[in-house]
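Okay, structure first, notes after.
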Amino acid sequence: MPRYEVLFLTVPEITADEASNLEKHIDKVITDVKGTVISYERWGKYRLAYSVRKYDYGVYYLIRFDVENSDKDALLQTLKTIFQVKFVDLVMRHIISALDPRASLEYKRSESLEETPSKEMDNFLKDTRNSHGSSNEEALDQDR
């Protein structure tokens, strides 16, 4: 039985109700074709490398599932349609990948913004501000 995963990026202000509705809808589509959901993970909120739909942040979700060969094409097309039509306001990007059924289901990923301690984040932002342009601001203040 082929194994797939879907990694999708949602808008940063997705609510818990919207996320739950999205999860239920995807789960229903997969189980309707006798597929099996292996995992549904909320990876968290991340700063994006570039803006997507004018957002600098997004929330990542990862779904892994098994599906019969005879039903896979219809299921994959249905999932693409769901992301591009029904949940177009929530899902900014998605990718569907085939997996090796024997491969590990573990990923090494960086900490999301929710997992990063706020004190560390404050220090990072402070250091970043100090290293970018503070000397220019001080020079302007001295010229006045």
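Sequence positions in the sequence shown follow this note's numbering and run 8 to 151. By construction, the Cβ of each residue, glycine as well, lies at the ideal position given by its N, Cα and C atoms. Since the model is a prediction, treat every value here as computed from it, not as a measurement.
Inter-segment contact for the stretch 111 to 119 and the stretch 46 to 65 is present: three or more beta-carbon pairs are separated by less than 8 Å. For V13, the enclosing beta strand (DSSP E) begins and ends at 10 to 17. Under the three-pair Cβ rule at 8 Å, the stretch 88 to 97 does not count as touching the stretch 58 to 65.
In this structure D73 is not in contact with I33, their Cβ atoms being roughly 14 Å apart against a cut-off of 8 Å. Scanning I21, V40, E25, V18 for the CA closest to the CA of L86 turns up V40. One thing to note: Y47 has its Cβ within 9 Å of the Cβ of L69. Under the three-state reduction of DSSP, L82 is assigned to helix.
Within the same chain, Cβ atoms closer than 7 Å to the Cβ of K79 are found at P9, the five residues on either side in sequence being excluded.
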